[in-house]
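Notes for the one structure printed next.
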Amino acid sequence: MSLELQVGIIVGYLVLALVIGLLAYRLTERTAEDFYLASRTVGTIVLLFTTFATLLSAFTFFAGPNLAYLHGPEWLLVMGVMDGLIFAILWYVIGYKQWLLGQQRDYVTLGEMLGDRFGSRRLRGLVAGFSLLWLFPYVMLQQVGAGTALEALTEGAIPFAAGAGLITVFMILYVVIAGFRGIAWTDTLQGAFMLVTTWVALAWVLAIVGGPSAATGTLQAAAGEHLALGSDYYTPQFMLSTAITIGFGVAMFPQVNQRFFVAGSKEVLKRSFALWPILCLLLFLPAFMLGAWARGLETGIDPVAIQEGGNVLPLILAEFTPTWFAALVIAGAMAAMMSSSDSMLLSGSSYFTRDLYRPYVDASITDRREDLIARIGVVVFALATFGASLYNPATLFELGDAAFSGFAQLALPVIVALYWRETTRAGITVGIVGSQVFYLSSVFLPMVPRAFGGWSAGLLGMGLGLLLTVGVSWLTASAPAEEQAIYFEGLEAD
Amino acid sequence: MDSLERVGWVVGAALFCLLGVPWFLWGDDTIVAGLPLWVWWHVGWLILASALFWLFAQRHWGVGIEPETDRDSTASEGDAFRTDGGGAQ
Chain A
16 MSLELQVGII VGYLVLALVI GLLAYRLTER TAEDFYLASR TVGTIVLLFT
66 TFATLLSAFT FFAGPNLAYL HGPEWLLVMG VMDGLIFAIL WYVIGYKQWL
116 LGQQRDYVTL GEMLGDRFGS RRLRGLVAGF SLLWLFPYVM LQQVGAGTAL
166 EALTEGAIPF AAGAGLITVF MILYVVIAGF RGIAWTDTLQ GAFMLVTTWV
216 ALAWVLAIVG GPSAATGTLQ AAAGEHLALG SDYYTPQFML STAITIGFGV
266 AMFPQVNQRF FVAGSKEVLK RSFALWPILC LLLFLPAFML GAWARGLETG
316 IDPVAIQEGG NVLPLILAEF TPTWFAALVI AGAMAAMMSS SDSMLLSGSS
366 YFTRDLYRPY VDASITDRRE DLIARIGVVV FALATFGASL YNPATLFELG
416 DAAFSGFAQL ALPVIVALYW RETTRAGITV GIVGSQVFYL SSVFLPMVPR
466 AFGGWSAGLL GMGLGLLLTV GVSWLTASAP AEEQAIYFEG LEAD
Chain B
15 MDSLERVGWV VGAALFCLLG VPWFLWGDDT IVAGLPLWVW WHVGWLILAS
65 ALFWLFAQRH WGVGIEPETD RDSTASEGDA FRTDGGGAQ
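Chains A and B, in that order, give the protein sequences.
Residue numbers for the first sequence, in our numbering: 16 to 509.
Residue numbers for the second sequence, in our numbering: 15 to 103.
Structure representation (C-alpha cells):
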C-alpha cells in the first residue's frame, strides 16, 4: 500500500510537471531566443522561483541536513552567506550588467557575450567547452541521485536504471516541448512546493517533540558541542572557502548565468534582488535546523549510517510523519533535482548550439533551424548523461563533485572583463585557461594538493585566475578585433 | 564614479558578506528562545540584507554599471538649468 502510494505521488508529480510544460508550449514562438530565454519576458515571481529552484538541487534537501546532523547547524551560515549574500551581490555585479548587455545585443550565452567583446571565436568556444566539461558530469550526478533515491524509496521495486530513466524521459519531454518557459513555470511550482513541504515537515516534527526549546535541549544532551559556533569540521577557512567558491561558482553555472538574461524589466530585477536573501533564509532555516535537531531526537538513526551515505531527512520524516507526507517531501526533493537538471540540459544545449555548433560548423544557420538543433541537443545531452550515469565512471564522478569550484574559476576573469576596460583578449584567455588547468590538476594530480593551509584549491585557483587576467592584460596590447567600448558605453537602463 | 567610491562599495559589500557569520560569537553556545544566539544573528542578518538590498535598489541601482550621467541626469540637468536661468536674469 505505502509503496503504491509513494510511487503514485511521484508519478503524479511528474505528470503535473509535464502538463505545465504543455500549457507553456501554447505560448512559445519557434525561435532560439524564445526556447532558451522565453524572449526575455520573465516577471518577478517566476524569476525568483526559477532561479531559486535551479540553484538548489537535491543537495539542499539531502546533503545539507546530513551535514547539520553530523556536525551541527553551522551549514546554515555557510549556505546563507554563499547564496543569500554573495550570490545576491553577484546577481547585481555580473547579472545586472549581463542583463543590460543582453537587452542591447541579444546575447544568449556567456561565451557569446565574451566572444563578441574580445572579437574571439576561440574564447567563445573555450568558455563553452570548459562549462560543458563541468556541466556534463554534474547532470550525470543528478541522474545518479534520482535513480538511487527512487530505488531506496521503493525498496528496489523501481531499480536504479528504471528510476533514472523515468526522470530523464520526463525531463526530455517537457524541456523539448516547452523550453525555458516550461521550465520556469514548473520551477515556480517546484520552488513553492519545496518551501511549503519543508516548513510543514518542521512544524510536524516540532509539534511532536514539544517545540524548538525541547528539541534544542535534547540536542544539548546528545551532542552539546554542535550548539557552539565552529568546530574542527567548521573551521573559518572551510566555511569561507566553501561559501566563496560555491557562491561565485553558482553565478557561472550555465543554467544560473543564463537566467541573468531573462528578466522582463529592470523593476523585476530590483524586486528579485531585494526578496532573494529572505527567500533563501526561508528554505535553509527549516531544512538545516531539522537536520541538526534530528541528532538529539529519540530515533533509530545511526550517525555511522549517515556518515556512510544515508540521508537523515527521509529517515526522520518516516519516524515522525505519516507515509503520504514523507513521500510528498521525497517528491519535493525529486522536484529540486529535476528543476536543476532540466535547466542544465537546456543551458548545456544552448552552449553547444550557440557557441560551438554555430561558430564552428554552420555559421549561416537560420533561427528556425537553430531552434530545432537546440531541441535535438537537449535529447542528445540527456541521453548521454543518462548513459554515463549507468556506469558512473570515477573520472566523471570526481568532475561532477568538483563542478562548483570548476565554474568558480570563470567568475573573476569575467568580472575583470566586465569592469576593467584595459582587459585584453590574451589576458582573459590566459586567466581562464590558467585557473582551469590549476584547478583540474588539484582534482586529478596527486602532487597538487586540494587545500593549502585549510584554504581550498578552488579558492586559490580563483586568485590565480584574477592575477593572470590582470597581469597578462597589463603586459599585452588589445587585439585589433576587440571592441572595448561594448561593456562601457551606451548602457542604457530602459 | 571615482576609484575611491568604487573601493568603498567593494569593501562594504565584502564586509557585509563576511559578517553573515558572527565571528565574535566563535565558540559561544548561548541559547535564546530555543536556538543558538549565532543562528539568530544570521537570521537577522539576512533580513537586514533584504532591507538594505531594497534600499539599494531604490536609491543606488545602476551604481558602477550605468553611466553616471544617465543615472543622475534628472538631478544634474535640473541644476544646470537653474544656474543658466540665474545667469540670464
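Glycine is no exception: its CB is placed at the ideal position from the N, C-alpha and C atoms.
At 9 angstroms on the CB atoms, spell out the chain B contacts of residue i, in chain order.
i, result
"Met254/A", "Val35"
"Gly264/A", "Neighbours of Gly264/A on chain B: none; closest Cβ ~15 angstroms, over 9 angstroms."
"Leu62/A", "What Leu62/A touches in chain B: nothing, since even the nearest Cβ is about 14 angstroms away."
"Ile391/A", "Ordered by position in chain B, no residue passes the 9 angstroms Cβ test against Ile391/A, which lies about 37 angstroms from the chain."
"Ile430/A", "Ordered by position in chain B, no residue passes the 9 angstroms Cβ test against Ile430/A, which lies about 11 angstroms from the chain."
Counting only Cβ pairs nearer than 7 angstroms, list the residues of chain A close to residue i.
i, result
"Val57/B", "Leu296, Leu300"
"Val46/B", "Per Cβ cutoff of 7 angstroms: no residues; Val46/B is ~10 angstroms from chain A at best."
Taking residue i and residue j to be in contact with their CB atoms under 8 angstroms, please state how far apart those CB atoms are, rounded to whole angstroms.
i, j, result
"Leu39/B", "Trp52/B", "5 angstroms"
"Leu100/A", "Phe303/A", "The pair is not a contact, with the Cβ atoms about 16 angstroms apart (cut-off 8 angstroms)."
"Thr439/A", "Ser493/A", "5 angstroms"
"Val277/A", "Leu506/A", "Val277/A to Leu506/A, Cβ: 18 angstroms. No contact."
"Ile345/A", "Ala164/A", "7 angstroms"
"Leu297/A", "Leu210/A", "6 angstroms"
"Arg274/A", "Thr59/A", "That belief does not hold up - the Cβ atoms of Arg274/A and Thr59/A are roughly 13 angstroms apart, past 8 angstroms."
"Leu427/A", "Thr484/A", "7 angstroms"
"Tyr84/A", "Val376/A", "So it is not a contact: roughly 49 angstroms between Cβ atoms."
"Gly78/B", "Trp23/B", "6 angstroms"
Please decide whether residue i counts as near chain A, where near means a Cβ-Cβ distance under 7 angstroms.
i, result
"Asp43/B", "yes"
"Leu39/B", "yes"
Who are the neighbours of residue i on chain A, taking C-beta pairs under 9 angstroms?
i, result
"Trp54/B", "None at all; the shortest Cβ gap to chain A is about 11 angstroms."
Residues of chain B with CB closer than 7 angstroms to the CB of residue i, please, in chain order.
i, result
"Gly95/A", "Gly34, His56, Leu60"
"Tyr111/A", "Ile79"
"Leu92/A", "Gly34, Val35, His56"
I want to see whether chain B comes within less than 7 angstroms of residue i, judged by CB atoms only; does it?
i, result
"Thr231/A", "yes"
"Gly140/A", "no"
"Ser228/A", "yes"
"Ile501/A", "no"
"Ile223/A", "no"
"Phe288/A", "yes"
"Ile101/A", "yes"
"Ala307/A", "no"
"Leu85/A", "no"
"Ala243/A", "yes"
"Leu10/A", "Any question about residue 10/A goes unanswered here, given that chain A covers just 16 to 509."
"Ile261/A", "no"
"Met16/A", "Only weak support exists for where Met16/A lies, its pLDDT of 47 falling under 50; the value from the coordinates is given anyway. No - not a single Cβ of chain B is within 7 angstroms of the one on Met16/A."
Which chain A residues sit within Cβ distance under 8 angstroms of residue i?
i, result
"Leu29/B", "In chain order: nothing, as chain A lies at least about 11 angstroms away."
"Leu49/B", "Pro227, Thr231, Met304"
Residues of chain B with CB under 8 angstroms from residue i, in chain order?
i, result
"Pro292/A", "Leu60, Ile61, Ala63, Ser64, Phe67"
"Leu115/A", "Ile79, Glu80"
"Pro88/A", "Pro50, Val53"
Residues of the region 339-363 of chain A with Cβ closer than 8 angstroms to any Cβ of chain B, in chain order: none
Given 8 angstroms, three or more beta-carbon pairs between the region 36-44 of chain A and the region 187-198 of chain A: yes
Three CB pairs or more closer than 8 angstroms across the region 397-404 of chain A and the region 443-452 of chain A: no
Near-chain A residues of the region 57-78 of chain B - C-beta to any C-beta below 7 angstroms: Val57, Leu60, Ile61, Ala63, Ser64, Phe67, Trp68, Ala71, Trp75, Gly76
Cβ contact (3+ pairs, closer than 8 angstroms) linking the region 165-178 of chain A and the region 19-38 of chain A: yes
The region 223-231 of chain A contacting the region 381-398 of chain A, beta-carbon criterion three pairs below 8 angstroms: no
Any 3 or more C-beta pairs closer than 8 angstroms across the region 211-223 of chain A and the region 330-347 of chain A: Verdict: yes, contact present.
Sufficient close CB pairs (3 or more, under 8 angstroms) joining the region 15-24 of chain B to the region 469-483 of chain A: no
Cβ contact check for the region 332-344 of chain A and the region 109-117 of chain A: 3 or more pairs under 8 angstroms: no
Stretch-stretch touch, CB-based, cutoff 8 angstroms, three pairs: the region 74-94 of chain A with the region 389-396 of chain A: no
Residues of the region 182-200 of chain A whose Cβ lies closer than 9 angstroms to any Cβ of chain B, in chain order: none
Within 7 angstroms of chain B by C-beta, residues of the region 380-413 of chain A in sequence order: Close to chain B, meaning a Cβ-Cβ distance shorter than 7 angstroms, is no residue of the region 380-413 of chain A at all.
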